[in-house]
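Engineer: Just so you know, the sequence shown maps onto residues 236 to 670 in the numbering used here.
Glycine included, every Cβ here is placed at the ideal spot set by N, Cα and C.
Model, not experiment: these values are computed from the prediction.
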Amino acid sequence: MAKRTVCLCLVFVVCIFNISLFAETESDRTETGYGLSPILHITDINVGEVKLGEDFYITLEVKNIGNGPAYNLRFENTLRGKSHTGPFTLKSGPKIDEFFTHQTKTITLHLSIDEEATTLEDYELEIKLQYTNVQNVPQATAHSFVKVRASRGNIEPDFLIEDIVINEGDKNIPNSFTASINYKNIGQINAQNVSALIDGLDNFEILNISNRKYLGTVDGGKSGSIQYLLKSRDEGDSNKINLVFTFDYEPNKSKSQDISLNLPVKRNPDTVGKTPWLIISKYVLSPEKILAGNTVLLKLNIENTSSKEIHNAKVSIVDVASGDAIVDTVFSPVNSSNTFYIEKIPGKSTHTHEVALYVDPNAQAKTYNVPIEIKYEYEGSDTELEAKERVNIPVTQESKLEILSVEVPPMAMIGQPIPIAAEFVNVGKVALTNF
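Right under this line is the structure:
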């Protein structure tokens with residue numbers, strides 16, 4: 236009877252020892268991750284605004300639904316069904332040393348897109364997430380797909396004349412000359428099927444086959460030049476011409492833009508009438524990009540096309556209405572009135588004057604056609620003459636978005652969507668799109 240008792244006690248002790256040993260082994264395996272497999276799952280993906288030639292960001296929500304930690308996380312991106320990245324470049328991603336089980340992380344990827352990428356269709360990106368377990372063994376790759384469409388911004392094509400260069404014309408044609416008109420598309424969107432037409436030929440005769448030039452596509456921010464062979468008309472009384480750009484942009488949109496120009500040419504004294512004329516032969520804006528609420532320096536070259544001296548000239552910058560309010564003006568002279576005085580301008584010479592203009596902060600983003608009136612007298616006459624000119628001043632508005640508040644619920648259930656409310660306001664002066 237005593238021997239049986241001893242055997243039962245021994246068996247009981249061995250069983251307790253085995254149970255304890257098994258518990259310690261499972262505990263050690265849980266702490267080290269040995270034999271446990273992580274499973275990373277991309278639960279949500281969002282893309283920020285994508286503009287050609289610029290950086291953008293993709294935000295991922297990743298959850299480890301496995302029973303072990305993940306290590307050595309590495310991100311890749313390709314076009315769906317392709318082995319290459321297309322116009323996209325992954326510039327940087329977060330460095331994550333360890334991703335614990337049941338943990339959820341928000342991860343931001345920094346990418347860029349080529350400026351030559353298309354804006355006419357979506358790109359479908361495949362985001363791949365590779366990782367290993369604690370033994371550095373690669374696990375199943377997590378991946379998700381997202382559609383990306385790039386834009387060129389929200390500024391439509393807008394043509395600006397940068398300079399006009401006059402060169403010698405055909406030697407066999409008296410009073411002929413070549414006018415090289417340098418233009419620039421200051422918009423962000425490409426202008427397509429662009430044509431330029433010289434209209435209003437009371438002062439000049441076109442010696443080309445046609446007064447229309449086909450320019451094809453002019454990319455946003457790009458410059459070009461048009462050449463015309465012209466001849467001054469004897470009956471012309473000024474150097475004015477009108478240059479009309481017509482073009483298409485985006486799907487099913489078209490536009491026509493009429494720009495009044497003064498060609499900086501000197502007429503033959505034999506063909507010049509008795510009345511001298513003043514013209515603005517050139518103007519320069521500084522800086523080139525003019526923001527509402529800032530100051531622009533306008534430099535005017537006022538040319539006396541006659542051989543006679545003019546004097547007692549008064550130059551006025553006429554008010555431009557802002558919006559529907561007639562009393563509000565877009566441009567206000569700084570430290571002076573809108574009128575300045577020129578004592579005299581000798582014949583066949585040019586007077587240069589600079590005026591600083593403050594741009595109304597509420598001005599609409601567009602090109603303003605600013606009238607300039609010049610009243611003057613000339614040698615041998617007391618009659619007052621008047622010349623009316625125009626200069627184009629493009630104004631842009633900065634885009635501003637302000638987030639007022641963000642509401643996040645105090646509790647959330649694992650695997651369930653979380654409603655997050657955000658209140659934001661457009662504090663800029665232009666409409667925002669492509670959210």
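Between which two residues does the beta strand (DSSP E) harbouring L513 extend?
Structural biologist: Counted from its first residue, the sequence shown places residue 513 at position 278. Per DSSP, the continuous beta strand (DSSP E) segment holding L513 begins and ends at L513 to S521.
Engineer: How would you write the range of the beta strand (DSSP E) that F412 sits in, first residue to last?
Structural biologist: Start at 1 with the first residue of the sequence shown, and residue 412 comes out as number 177. First-last of the beta strand (DSSP E) with F412: S411 to N420.
Engineer: In three-state terms, what does DSSP make of Q462?
Structural biologist: Sequence index remark: in the sequence shown, residue 462 carries index 227 (1-based). Strand at Q462.
Engineer: For V500 versus V383, is the C-beta distance shorter than 8 Å?
Structural biologist: Taking the first residue of the sequence shown as 1, we reach residue 500 at position 265. Taking the first residue of the sequence shown as 1, we reach residue 383 at position 148. Against a cut-off of 8 Å, the Cβ pair of V383 and V500 comes out as no contact.
Engineer: Hey, quick one: how far does the beta strand (DSSP E) through N604 stretch, first residue to last?
Structural biologist: In the sequence shown, residue 604 corresponds to position 369, counting from 1. From DSSP, the beta strand (DSSP E) with N604 extends over K601 to Y613.
Engineer: Once the 5 residues before and after Q365 are set aside, which same chain residues still bring their CB inside 6 Å of it?
Structural biologist: Translated into positions along the sequence shown, residue 365 becomes position 130. If we look at Q365 and ignore the five residues flanking it on each side, its Cβ neighbours are R309 and T376.
Engineer: Determine the direct distance from the alpha carbon of N312 to that of H276, and round the result to whole angstroms.
Structural biologist: Your numbering for residue 276 matches position 41 in the sequence shown. Your numbering for residue 312 matches position 77 in the sequence shown. For H276 and N312, the distance between alpha carbons rounds to 16 Å.
Engineer: Note down, in chain order, each residue of its chain lying with its Cβ closer than 7 Å to the Cβ of S495, except the 5 sequence neighbours on either side.
Structural biologist: Here residue 495 corresponds to residue number 260 of the sequence shown, with the count starting at 1. Taken in chain order, the residues that qualify are K475, N477 and R625.
Engineer: Pull up the distance between the alpha-carbon of A258 and that of D332, whole angstroms please.
Structural biologist: Residue mapping note: residue 258 aligns to position 23 of the sequence shown, counting from 1. Residue mapping note: residue 332 aligns to position 97 of the sequence shown, counting from 1. The predicted position of A258 is uncertain, since its pLDDT is 38 and thus under 50; a value taken from the coordinates is nonetheless stated next. When rounded, the distance between both Cα atoms is 29 Å.
Engineer: Leaving out the 5 sequence neighbours to the left and right, which residues in its chain are closer than 6 Å to E261 when beta-carbon positions are compared?
Structural biologist: The residue labelled residue 261 in the question sits at position 26 within the sequence shown. With a pLDDT of only 38 at E261, under 50, the local geometry of the prediction cannot be trusted, and no value is derived from it.
Engineer: Along the chain, where does the beta strand (DSSP E) that runs through S491 open and close?
Structural biologist: As a position in the sequence shown, residue 491 is number 256, starting the count at 1. Counting along the chain, the beta strand (DSSP E) containing S491 begins and ends at K488 to N497.
Engineer: Check E397 in the structure and name its three-state DSSP category.
Structural biologist: Indexing the sequence shown from 1 puts residue 397 at position 162. The answer is strand: DSSP assigns E397 an E or B state.
Engineer: Under DSSP, the beta strand (DSSP E) around H378 begins and ends at which residues?
Structural biologist: Residue mapping note: residue 378 aligns to position 143 of the sequence shown, counting from 1. Residues A377 to V383.
Engineer: Grab me the residues of V507's own chain with a C-beta within less than 8 Å of its C-beta, minus the 5 sequence neighbours each way, in chain order.
Structural biologist: The count along the sequence shown starts at 1 and reaches residue 507 at position 272. Here V507 scores only 49 on pLDDT, less than 50, and its place in the model should not be relied on; the value that follows carries that caveat. Only T540, S541 and S542 meet the Cβ criterion.
Engineer: Whether or not the stretch 392-403 and the stretch 412-423 are in contact is what I'm after, with contact meaning three or more pairs of Cβ atoms, one per stretch, closer than 8 Å; do they touch?
Structural biologist: yes
Engineer: Return the first residue and the last residue of the beta strand (DSSP E) that L639 is part of.
Structural biologist: If you number the sequence shown from 1, residue 639 lands on position 404. L639 -> beta strand (DSSP E) spans L636 to E642.
Engineer: If we count Cβ pairs, one from each stretch, closer than 8 Å, do we get three or more for the stretch 522-536 versus the stretch 635-650?
Structural biologist: no
Engineer: Kindly confirm or deny that the stretch 426-438 and the stretch 658-666 touch, where touching means at least three C-beta pairs closer than 8 Å.
Structural biologist: Of all C-beta pairs linking the stretch 426-438 to the stretch 658-666, fewer than three are shorter than 8 Å, placing the two stretches out of contact.
Engineer: For I609 and S458, I'd like the C-alpha separation in whole angstroms.
Structural biologist: By 1-based counting over the sequence shown, the position of residue 609 is 374. By 1-based counting over the sequence shown, the position of residue 458 is 223. Straight across, the Cα-Cα distance linking I609 with S458 is about 31 Å.
Engineer: Is Q427 helix, strand or coil by DSSP?
Structural biologist: Residue 427 sits at position 192 when you count from the first residue of the sequence shown. DSSP, read as helix, strand or coil, puts Q427 in strand.
Engineer: Thinking C-alpha only, which one of Y593, G422 and L325 is nearest S521?
Structural biologist: Here residue 521 corresponds to residue number 286 of the sequence shown, with the count starting at 1. Looking at the Cα atoms, Y593 is the closest of the given residues.
Engineer: So, with DSSP's three-state summary, where would you put N597?
Structural biologist: Here residue 597 refers to the residue found at position 362 when the sequence shown is read from its first residue. In this structure, N597 counts as coil in the three-state DSSP scheme.
Engineer: Please report the straight-line C-alpha distance between N627 and D290, rounded to a whole angstrom.
Structural biologist: Indexing the sequence shown from 1 puts residue 627 at position 392. Indexing the sequence shown from 1 puts residue 290 at position 55. Roughly 33 Å between the two C-alpha positions.
Engineer: With C-beta atoms as the reference, is L360 less than 8 Å away from F335?
Structural biologist: On the sequence shown, position 125 is the one that residue 360 refers to. On the sequence shown, position 100 is the one that residue 335 refers to. No, the Cβ-Cβ distance between L360 and F335 is not below 8 Å.
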